[in-house]
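Notes follow once the structure below has been shown.
Residue numbers (my numbering): 10 to 144.
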């Protein structure tokens, strides 16, 4: 019974992370098409960076007490990437800088699309685990 609730909860949290990444993708494409200026983009995206990372970390750590080790191990690469993004670069901030956004836009878009793919994969993975935990 606990695994059913766990995978329902992780599916909902993963959908929230997926939604944030889609929001990032839309904002980056708006900047690329010149529908939004860099200052507005940074003002809209920066408040979501820490909650997005914290949401994924919470989802990953939530799997440990319930013994979902395989699922946790699948989440470790993105967890490590987010950790390096937050704490690994002492000279750089994890927040977006409006003066450097055009220089880093392609990398940010690539990161965003990889995370969208990861969260989409995890959505199906969580649903798969949920269905098998119903037995």
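Cβ atoms here follow ideal geometry from the backbone N, Cα and C, with glycine treated the same way.
On a predicted model such as this, the values are computed, not experimentally measured, just so you know.
Around the beta-carbon of residue 65, 16 or more other beta-carbon atoms lie within 10 Å, marking it buried. Comparing alpha carbon positions, the residue from 47, 84, 76 and 73 closest to residue 62 is 84. For residue 102, there is no enclosing alpha helix (DSSP H), since its DSSP letter is neither H nor E. One thing to note: residue 87 has its Cβ within 7 Å of the Cβ of residue 127.
Taking a 10 Å sphere around the C-beta of residue 124, we find 16 or more other C-beta atoms and assign the residue as buried. The shortest C-alpha to C-alpha distance from residue 55 to any of 33, 120, 28 and 140 is the one to 33.
Judged by their CB atoms, residue 142 and residue 18 are not nearer to each other than the 7 Å cut-off.
Cβ contact annotation for residue 31 (same chain, cutoff 8 Å, sequence separation greater than five): 125, in chain order.
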